[in-house]
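Take a look at the structure set out below.
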Amino acid sequence: MNSSSAFATPVVANNSQQVLSDLITALEQTNLYSFISQIATVYGFPPVKGGMDAVLKAIEASIQNPTAAFPNATLNSLEKMIDRIIISGSNYYSIDETQDPNFQSVIQHVFSTSVTDSRYENSYPRKLYDGNSLGNNIKGLYLTKLIDTGDGFAFIFSYVYSVKIKGSRGLGLSYTPQQQFITVFVPHNKNRIEYRLPKNLGKRETAKALASVRNKFFDMLISTNNTIHFKQLNFYNVINSIITDRSFGKAVQIIYVGSNTGCDANVIGRKDPTYEARDVEITNKKRNDIYTPRAVAVRFYRN
């Protein structure tokens, strides 16, 4: 069969249409249009623009009606892209480090022996609770998916919580169940655990979720009969260290926050390859603000 005839008939059979529908729903639930538009071509899909609705239609069409221009626009590619979005899309980070020489072998054992919750795994990457239904006040943390990403192990949990509907007292079901995916990521050959929590959890719920997933993962480590001691990484010290070390790439963006006003100062120059954000000093003489860096983006250039 030549290439022209190979692309003449849609490859999504009837038994795959439901899989595609579920994956498109999962992609929509990520609500990360900007990130999707950045990585879609990496996973074999056409360049996308025009908002989330347009993205969903374009990706669905590229799978249903494959062309020679985008032969890698497949269900498998879509699933891998959604994994990437969940694991790396838009997260808050908390990192624990250890010096234990047995850490990696313990992690490999935990990864190979952990059992997922079948209800949530069977639905993944689609959420069971998308915030559009009423229910009882439920909460929980469920191991949902185990993925070897090539550069590390990803333990994906479903964090389920409920938001009370204002003014609903005495009206029966008065909560909206919510579900967010939380990733515990352990890089290969690195002695650290990265807790990645989606930013749309909100500050208060993020604190609860972090405590819950950290305790859960520690219990998983303890179940191996190994005692590993961790130290939580101080991100502000890391940021200051990067800014101080001018040999560590070029700082293309630094975000500062004022000590008195709490106002941000965003120093950015991503398009100019010669730009160095470290050269910019931030002052506010009128309000006597002291600006402290809270985020830095560094770019490395090949010689």
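At the far end of the sequence shown sits residue 332, using our numbering, and the numbering has no gaps.
For every residue, glycine included, the Cβ atom is placed at its ideal position computed from N, Cα and C.
Can you look up A280 in the DSSP assignment and give me helix, strand or coil?
strand
If T253 and V135 are in contact, beta carbons under 8 Å, what's the gap, nearest whole angstrom?
5 Å
Assess, as a yes-or-no matter, whether the stretch 53–64 is touched by the stretch 84–91 under the definition of 3 or more beta carbon pairs within less than 8 Å.
yes
Range of the contiguous alpha helix (DSSP H) that encloses T235:
232–251
Local conformation of Q228 per DSSP, three classes
Just to set this straight, residue 228 is Lys in the shown sequence, not Gln. In this structure, K228 counts as helix in the three-state DSSP scheme.
Only counting the same chain, and skipping five residues up and downstream in sequence, which positions put a Cβ closer than 8 Å to that of I319?
G287, S288, N289
Comparing alpha-carbon positions, which option in D293, I297, Y265 lies nearest A280?
I297
Would you mind sorting I116 into buried or exposed? The rule is 16 or more other CB atoms within 10 Å of its CB.
buried
By how many angstroms is the C-alpha of Y121 removed from the C-alpha of P206?
22 Å
Can at least three beta-carbon pairs, one atom from the stretch 182–193 and one from the stretch 92–111, be found at a separation below 8 Å?
no
Residues that T321 bridges to, as DSSP identifies them
V286
Report the rounded CA-to-CA distance for R233 versus N218, giving the unit in angstroms.
33 Å
Tell me which residues share the same chain as T235 and place their Cβ nearer than 7 Å to its Cβ, disregarding the 5 neighbours each side in the sequence.
Y121, L226
Kindly confirm or deny that the stretch 256–268 and the stretch 125–143 touch, where touching means at least three C-beta pairs closer than 8 Å.
yes
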